[in-house]
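Chains V and E are the protein sequences, given in the same order.
Following the UniProt record's numbering, the numbering of the first sequence begins with 1 at its first residue and continues without gaps.
Following the UniProt record's numbering, the numbering of the second sequence begins with 1 at its first residue and continues without gaps.
Number of protein chains: 2
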Amino acid sequence: MSQHRPGGPNGRAGGVPALPDLPEATVARLPEYLRALHNLAEAGNDTVSSEELAGAAGVNSAKLRKDLSHLGSYGTRGVGYDVALLIDQIEFTLGLTQRRGVALVGVGNLGHALAGYAGFASRGFRIAALFDADPARVGELINGLHVRHISDLADVAVAESIAIGVIATPAASAQDVADALVAAGVTSILNFAPCVLSVPDGVDVRKVDLAVELQILSFHEHRKSSLTALPGGLGGGPAGLVSAAEPEEAVGT
Amino acid sequence: MSQHRPGGPNGRAGGVPALPDLPEATVARLPEYLRALHNLAEAGNDTVSSEELAGAAGVNSAKLRKDLSHLGSYGTRGVGYDVALLIDQIEFTLGLTQRRGVALVGVGNLGHALAGYAGFASRGFRIAALFDADPARVGELINGLHVRHISDLADVAVAESIAIGVIATPAASAQDVADALVAAGVTSILNFAPCVLSVPDGVDVRKVDLAVELQILSFHEHRKSSLTALPGGLGGGPAGLVSAAEPEEAVGT
DNA sequence: AGGCGCTTGTGAAGTCGTGCACAAATCGCG
DNA sequence: CGCGATTTGTGCACGACTTCACAAGCGCCT
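Printed below as a string of structure tokens:
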């Protein structure tokens, strides 16, 4: 995360919910609850218990209740939560009451897929513009939008009041793109490039690295197979047997 | 997220624990260190200090040292870490000394991009087979592999000893695919479908939901704009007390 | 009306992760 | 050979998150 404001005791009068300074872990789970709630609503459920909802979202019910309690008390004891009300509450908290415009930079392999990803549109986002540095790609029509050159970024971002940018370029150009986004007024960045971005304070960056996820799984595979293969424990250290594995297939991206 | 062994009171009967049972948070950072190390190696660095490496990986140097200390002592005081040695160590720990085969199910929008994603190959994985349920897609050639029907999954998975599966199908079919993967002997699943999978114990699932990341960013956007719009508290409540932003590294979790 | 079963909301305890601060270890050099 | 500069490895305190366990609240049934 980029920054977190430890706010003071939040006390607001009136019916409008305050901005309750949620734990980051809670924020990360709210979208999951929201998805589960939409499913439930579609299935015709009016209310839902914490146990049910927790099951649908894949978490512990106590955790779910505590998470929701941070938003305020929107459940009824003995009954459960009103599905529609809770959806509204979470959407408000996540700032999804307005459809946010997103700028996507880099329409290569991954960018192409992201541009066409229906999940963005269905969950409150609108891909407002596509950019690429490659002039050969400029003009290409993807999913109803045509690709613009990255030099137009500032103009478009301002015109469409875009606050979120997605970087789907190679790592080498990611920092430049991030700088350009920041200069254009973007204050939240989702980075798919495998590199660390440095941005000014006040700008949030989240990173998604697809290969990292596989590597984490690989670790668990490795551990599982070691456990079954060597129940006793393998001696010494894992020091020796590494070197002669693969022909070092460069890292270049 | 992944499943943990319930294990209870640590079922290990005496003896030295073979694999040091790393904290999950550490495991999640190792791939990042590995990437940074490969960059350094390519740049010709022989050794690196924790401070440098931490910078390149976007973390605190104390955290990095603690993480690495869990793997054993592979640094030299006063000097730093041997880049090549550390790469070997981390790759061993992550189980990347063998190139792991991956089965990708669902070659729609996103699956297509994943099939062509160079980052997998360059970081120790080999997409060994592509599957789809749609007969119209079977046979299609993507990145040198042709798409097979999902009914072949079991045969191929066994033949190629595939332990990792990637689900890039719509949510509606994800659970069926997961069941098929598990039946075919896959014990680790990376799920891009926006739904909760239920799998037997011993199977690890990691979920990546692209829209969720945007929603988390949206939350922070929402909060930022509210803060600037309402600098003070409204009536009644204790106002002020908004401490300044704490600078921190920009690292996604 | 009153009691009963169900479910939320939350104090409190426990677990996990982080970051500081420093001792121990190593190198280079005079 | 010893000293100082440097950097690792880690004990410790702190903070964040999770989980348990239960009181408080709500609706329904008698």
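We treat Cβ as the ideally placed atom computed from N, Cα and C, and that holds for glycine.
Cα-Cα separation between ALA115 (chain V) and ARG126 (chain V), rounded to whole angstroms
Counted from its first residue, the first sequence places residue 115 (chain V) at position 115. Counted from its first residue, the first sequence places residue 126 (chain V) at position 126. About 10 Å.
What number of angstroms, rounded off, separates the C-alpha of HIS146 (chain V) from the C-alpha of ALA168 (chain V)?
To locate residue 146 (chain V), count along the first sequence from 1; it is residue 146. To locate residue 168 (chain V), count along the first sequence from 1; it is residue 168. For HIS146 (chain V) and ALA168 (chain V), the distance between alpha carbons rounds to 16 Å.
Using the three-state DSSP reduction, which class does ILE162 (chain V) fall into: helix, strand or coil?
As a working note, residue 162 (chain V) is residue 162 in the first sequence. In this structure, ILE162 (chain V) counts as coil in the three-state DSSP scheme.
Where GLY78 (chain E) meets chain V, residues with beta-carbon distance less than 7 Å:
Translated into the one-based positions of the second sequence, residue 78 (chain E) becomes position 78. Taking the beta carbon of GLY78 (chain E) as reference, no residue of chain V falls within 7 Å; the closest one sits roughly 22 Å away.
Closest Cα partner of LYS59 (chain V) within the set V:LEU71, V:PRO31, V:ASP46, V:TYR74
Residue mapping note: residue 59 (chain V) aligns to position 59 of the first sequence, counting from 1. Per the sequence shown, the amino acid found at residue 59 (chain V) is Val instead of Lys. Relative to the Cα of VAL59 (chain V), the nearest Cα in the group V:LEU71, V:PRO31, V:ASP46, V:TYR74 belongs to V:PRO31.
Coil, strand or helix - SER225 (chain V) by DSSP
As a first step, residue 225 (chain V) is located in the first sequence; it is residue number 225 there, counting from the start. Helix at SER225 (chain V).
Within its chain, find whatever has a CB closer than 6 Å to the CB of GLY165 (chain E); leave out the 5 residues flanking it on each side and keep chain order.
As a position in the second sequence, residue 165 (chain E) is number 165, starting the count at 1. Closer than 6 Å at the Cβ level, and outside the excluded window around GLY165 (chain E), lie ALA103, LEU181, VAL186, ILE189.
For chain V, check one thing: does any of its Cβ atoms lie closer than 7 Å to the Cβ of VAL221 (chain E)?
For the purposes of this step, residue 221 (chain E) is taken as the residue at position 221 of the second sequence. A quick correction: the sequence has Glu, not Val, at residue 221 (chain E). Chain V contact via Cβ: present.
What's the gap between the Cα of ILE90 (chain V) and the Cα of ALA159 (chain E)?
Your numbering for residue 90 (chain V) matches position 90 in the first sequence. Your numbering for residue 159 (chain E) matches position 159 in the second sequence. Distance between the alpha carbons of ILE90 (chain V) and ALA159 (chain E): 46 Å.
By the 10 Å Cβ neighbour count, where 16 or more other Cβ atoms means buried, how is GLY232 (chain V) classified, buried or exposed?
Indexing the first sequence from 1 puts residue 232 (chain V) at position 232. For GLY232 (chain V), the predicted structure reports a pLDDT of 46, less than 50, and the residue's modelled location is therefore unreliable. A value from the coordinates is still provided. Counting Cβ neighbours within 10 Å, GLY232 (chain V) comes out exposed, since fewer than 16 surround it.
Roughly how many whole angstroms lie between the Cα atoms of GLY78 (chain V) and PRO194 (chain V)?
Stepping through the first sequence from its first residue, residue 78 (chain V) is reached at position 78. Stepping through the first sequence from its first residue, residue 194 (chain V) is reached at position 194. One C-alpha to the other measures close to 48 Å.
Kindly indicate which residue of E:ALA178, E:PHE131, E:GLN175 has the alpha-carbon position closest to the one of GLU156 (chain E).
Walking along the second sequence from the start, residue 156 (chain E) turns up at place 156. Correcting the residue identity first, residue 156 (chain E) is Val in this sequence and not Glu. Ranking E:ALA178, E:PHE131, E:GLN175 by Cα distance to VAL156 (chain E) puts E:PHE131 first.
Report the CB separation of LEU214 (chain V) from PHE120 (chain E) in whole angstroms; it is logged as a contact under 8 Å.
For the purposes of this step, residue 214 (chain V) is taken as residue 214 along the first sequence, with counting starting at 1. For the purposes of this step, residue 120 (chain E) is taken as residue 120 along the second sequence, with counting starting at 1. The pair is a contact, with the Cβ atoms about 7 Å apart (cut-off 8 Å).
Can you name the start and end residues of the beta strand (DSSP E) that ASP82 (chain V) belongs to?
Within the first sequence, the letter at position 82 stands for residue 82 (chain V). For ASP82 (chain V), the enclosing beta strand (DSSP E) stretches over residues 80–82.
Candidates V:LEU53, V:ALA41, V:ASP152: closest to TYR33 (chain V) by CA position
For this step, residue 33 (chain V) is matched to residue 33 along the first sequence. Comparing Cα-Cα distances from TYR33 (chain V) to each of V:LEU53, V:ALA41, V:ASP152, the minimum goes to V:LEU53.
Should LYS66 (chain E) go down as buried or exposed, given a rule of 16 or more other Cβ atoms within 10 Å for buried?
Along the second sequence, read from residue 1 onward, the residue named residue 66 (chain E) stands at position 66. So LYS66 (chain E) ends up on the exposed side.
Helix, strand or coil at THR97 (chain E) [DSSP, three-state]:
By one-based count along the second sequence, residue 97 (chain E) stands at place 97. In the structure shown, THR97 (chain E) sits in coil (DSSP, three-state: anything other than H, G, I, E or B).
Just the C-alpha distance for ASP204 (chain V) and ASP152 (chain E), rounded to the nearest angstrom, thanks.
As a first step, residue 204 (chain V) is located in the first sequence; it is residue number 204 there, counting from the start. As a first step, residue 152 (chain E) is located in the second sequence; it is residue number 152 there, counting from the start. Going by the C-alpha atoms only, they are around 44 Å apart.
Using a C-beta to C-beta distance shorter than 9 Å, which residues of chain E count as neighbours of LYS224 (chain V)?
Indexing the first sequence from 1 puts residue 224 (chain V) at position 224. Contact note: LYS224 (chain V) reaches chain E through ALA163, THR187, SER188, GLY202, ASP204, using a C-beta cutoff of 9 Å and chain order.
Does any residue of chain V have a CB that is nearer than 7 Å to the CB of LEU214 (chain E)?
On the second sequence, position 214 is the one that residue 214 (chain E) refers to. Output row for LEU214 (chain E): interface = yes.
Per DSSP, ILE167 (chain V) is paired with what?
As a position in the first sequence, residue 167 (chain V) is number 167, starting the count at 1. Answer is V:VAL105, V:ASN191, bridged to ILE167 (chain V).
In chain E, which residues lie less than 8 Å from THR93 (chain V) when you measure between Cβ atoms?
As a working note, residue 93 (chain V) is residue 93 in the first sequence. Residues of chain E passing the Cβ test: PHE219, HIS222.
Following the continuous alpha helix (DSSP H) through ALA129 (chain E), name the residue where it begins and the one where it ends.
As a working mapping, residue 129 (chain E) is identified with position 129 in the second sequence. First-last for ALA129 (chain E): 125–132, but that is the beta strand (DSSP E), not the alpha helix (DSSP H).
Do the stretch 84–98 of chain E and the stretch 81–97 of chain V meet, that is, are 3 or more Cβ pairs less than 8 Å apart?
no
So, for PRO135 (chain E): in the same chain, excluding its five sequence neighbours on each side, which residues have a beta-carbon less than 7 Å away from its beta-carbon?
The sequence position of residue 135 (chain E) within the second sequence is 135, counting from 1. Once the five neighbours on either side are set aside, the close Cβ partners of PRO135 (chain E) are HIS149.
Using beta carbons (cut-off 7 Å, strictly below), is ASN109 (chain V) in contact with chain E?
Here residue 109 (chain V) is taken as the residue at index 109 of the first sequence, counted from 1. Cβ-Cβ to chain E under 7 Å: yes for ASN109 (chain V).
Option nearest GLY72 (chain V) by Cα separation, candidates V:ASP21, V:HIS38, V:VAL208
For this step, residue 72 (chain V) is matched to residue 72 along the first sequence. Closest option to GLY72 (chain V), Cα to Cα, is V:ASP21.
Run through the DSSP bridge pairs and tell me what ILE142 (chain V) is partnered with.
Stepping through the first sequence from its first residue, residue 142 (chain V) is reached at position 142. According to DSSP, ILE142 (chain V) bridges with V:LEU145.
Quick check: the Cα distance between ALA174 (chain V) and LEU227 (chain V), rounded to an integer number of angstroms?
Counting from 1 along the first sequence, the entry for residue 174 (chain V) is found at position 174. Counting from 1 along the first sequence, the entry for residue 227 (chain V) is found at position 227. Each residue's Cα considered, the two are about 40 Å apart.
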